[in-house]
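Visitor: Here it is, the structure in full.
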Amino acid sequence: MEEQQVVEQVRCLGGFEYVKLAEKAAKGDEFAAEAAHEMAWEQLHCGPWHDVDHAWRDAYALSCLRLAAHRIHDALRLLDMGLLMGGPLLKPHLQSAIAELHIEHQQHQQQRELPGENVLRSERLHDPSLAERDINPSAHVFNSIVECGTVKCNEAVSSMVCLRSEHQNKLQAATSCNRLSQVQDITLPHGSLSHEIVCKKSLISMEDFLCNHFISDLPVIITDAITHWPAMDRWKDLDYFKSTFGHRTVPVEVGEHYLASGWKQELMSMDELIQRFESSTGCPSERPYLAQHPLFEQIPELREDIVIPDYCVATGGEIKAVNAWFGPSGTVTPLHHDPHHNLLTQVVGKKYVRLYNPAESCGLYPFSESMLSNSSQIDLDNPDYVKFPLAEQLPYMDCILEQGEMLYIPPKWWHYVKSLTLSFSVSFWWSAMEE
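For the sequence shown, the positions run 4 to 438 when the numbering used here is used.
This is the structure we're talking about:
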């Protein structure tokens, strides 16, 4: 049993106090569950993240599961925290708990639509003052996952958020014409669109892609390849995210970009993130960005809205990461390179992208620190060519990546990205067979 495996791993690390608390929590002790959660959280923050033993990350995930069974009104946030900060061992259990919450919520949403007594009963479920009059004490959401006491189903539903609902209405054309979707007054780096422009090809054949771009390491924009994605309709409407995933907790970067002073990371609900989009003042230091996050692992329902492009799998390699990039206009990913093949897919909005061949690396002045060695010291929005003279005359190619287009970025190609509108992109990283 995975829970016992976690406890034994922590015991081997000398975490005897956590083991005692975990054993009490397994018997339904809420205070022990809370104490175990706090202890595991402290272990995650006692040093650099890469030095945290996986056993403590799994222990944190376990403590989130068990505490969620007691903290019904905070259960979804706790389960998300377990997914985001916990280890891999208990992720299936966390996802199962979230899925059960989802199922229970859907069932009671259907009851709300029925006339008569069912409506009255559903109203009781969603009214804390009436809920206790109509509770089935044998029903509980976590019974198959956490053996730590009975969780009352109706209590869970009364605090439930809408995790997922069918997107009923087709989006109107005007949806994409709201304020956030308009091209804002964004300043591009000096010299933009004055050099070589990345070529565009409509739904190119696999042979063309492999021979002329993949093997030759040459960027290309592929159009008309994702028109069949459900995301192309659904994601244009921010209400889709608010109504279906609004209370899910996500990690958000706040600031100009990850190399800028004052940059930080925060955890917030999807609702709060979108509210910040809508109330944004445009100040770079306050700009929120859900960047390079495996959102589709955290929320599998969103995975149903996209399809892994055939270009990623036809080379015989394997998918390394599928990440989400969701932010307002003006978000910047500074000049850097990645180790894998990349299809940057623009689902909503548009972005400016500049690319430098790996042969120009010396003139881009990479940071000497190992953690930032794939990032350039050159700020393309405010370049210092006195300090970095070789960069001024380097050749590059660039483009405006439009909605519905995919940009192939070969490994080690330097790229800078700036959103021109509200934007949702998906990046597919994959390796070739021999890599």
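For each residue, glycine too, the CB sits at the ideal point set by N, CA and C.
At which residues does the beta strand (DSSP E) containing GLN268 begin and terminate?
Guide: The residue given as residue 268 occupies position 265 in the sequence shown. GLN268 -> beta strand (DSSP E) spans 267 to 272.
Visitor: Nearest-angstrom Cα distance between ASN360 and THR318?
Guide: As a first step, residue 360 must be located in the sequence shown, where it is residue number 357. As a first step, residue 318 must be located in the sequence shown, where it is residue number 315. Going from the Cα of ASN360 to the Cα of THR318 covers about 22 Å.
Visitor: Relative to the C-alpha of ILE224, which candidate in GLY18, ARG357, LEU383 has its C-alpha closest?
Guide: The count along the sequence shown starts at 1 and reaches residue 224 at position 221. Cα-wise, what sits closest to ILE224 is ARG357.
Visitor: Tell me whether TRP417 sits in a helix, a strand or coil according to DSSP, three-state version.
Guide: Position 414 of the sequence shown, counted from the first residue, corresponds to residue 417. Strand at TRP417.
Visitor: Comparing alpha-carbon positions, which option in TRP416, LEU410, ASP384 lies nearest PRO398?
Guide: Looking up residue 398 in the sequence shown gives position 395. Minimum Cα distance to PRO398 is reached at TRP416.
Visitor: Compare the C-alpha of PHE431 against each of ASP382, ASP341, ARG80, MET235 and name the closest.
Guide: Taking the sequence shown and counting its residues from 1, the one referred to as residue 431 is at position 428. Here the closest residue by C-alpha is ASP341.
Visitor: Report the rounded CA-to-CA distance for GLU363 versus PHE217, giving the unit in angstroms.
Guide: Working through the sequence shown from its first residue, we reach residue 363 at position 360. Working through the sequence shown from its first residue, we reach residue 217 at position 214. Whole-angstrom Cα-Cα distance: 19 Å.
Visitor: What does LEU346 pair with, by DSSP beta-bridge criteria?
Guide: Translated into the one-based positions of the sequence shown, residue 346 becomes position 343. TYR411, PHE431, per the DSSP bridge assignment.
Visitor: Do you know whose CA, among HIS231, ARG69, GLY352, GLU281, lies nearest ASP242's CA?
Guide: In the sequence shown, counting from the first residue as 1, residue 242 sits at position 239. When each option's Cα is compared against that of ASP242, the closest is GLU281.
Visitor: Tell me the rounded alpha-carbon separation between MET4 and ILE412.
Guide: Taking the sequence shown and counting its residues from 1, the one referred to as residue 4 is at position 1. Taking the sequence shown and counting its residues from 1, the one referred to as residue 412 is at position 409. Using only the alpha carbons, I get a separation of about 43 Å.
Visitor: If I measure Cβ to Cβ from ALA435 and keep anything under 6 Å in the same chain, skipping five residues before and after, which residues do I get?
Guide: Position 432 of the sequence shown holds residue 435. Closer than 6 Å at the Cβ level, and outside the excluded window around ALA435, lie THR318, GLY320.
Visitor: List the DSSP bridge partners of VAL255.
Guide: Numbered from 1 along the sequence shown, position 252 holds the residue referred to as residue 255. VAL255 is bridged to GLU269.
Visitor: By Cβ distance, which residues of its chain are closer than 8 Å to GLY265, with the 5 residues on each side in sequence left out?
Guide: Locating residue 265 in the sequence shown gives position 262, where the first residue counts as 1. Excluding positions up to five away in sequence, the list reads GLY258, GLU259, SER288.
Visitor: Verify whether the separation of the beta carbon atoms of PHE299 and VAL351 is less than 7 Å.
Guide: Position 296 of the sequence shown holds residue 299. Position 348 of the sequence shown holds residue 351. No, the Cβ-Cβ distance between PHE299 and VAL351 is not below 7 Å.
Visitor: Rounded to whole angstroms, what's the CA-CA distance from ASP220 to VAL325? Just pull it up for me.
Guide: By one-based count along the sequence shown, residue 220 stands at place 217. By one-based count along the sequence shown, residue 325 stands at place 322. Approximately 21 Å, taken between the alpha carbons.
Visitor: Return the Cβ separation of LEU81 and CYS67 in integer angstroms, given the expectation that the two are a contact with Cβ distance under 8 Å.
Guide: Indexing the sequence shown from 1 puts residue 81 at position 78. Indexing the sequence shown from 1 puts residue 67 at position 64. Rounded, the Cβ-Cβ distance is 5 Å, consistent with contact.
Visitor: Would you call the CB atoms of HIS57 and GLY90 closer than 7 Å?
Guide: Counting from one through the sequence shown, the residue named residue 57 turns up at place 54. Counting from one through the sequence shown, the residue named residue 90 turns up at place 87. Contact flag set, yes.
Visitor: Counting C-beta neighbours from all protein chains within 10 Å, is the total for CYS402 16 or more, i.e. buried, or is it exposed?
Guide: The residue you call residue 402 lines up with position 399 of the sequence shown. It is buried - the Cβ of CYS402 has at least 16 other Cβ atoms within 10 Å.
Visitor: Do the region 371 to 391 and the region 329 to 345 make contact, defined as three or more Cβ pairs closer than 8 Å?
Guide: The region 371 to 391 is in contact with the region 329 to 345.
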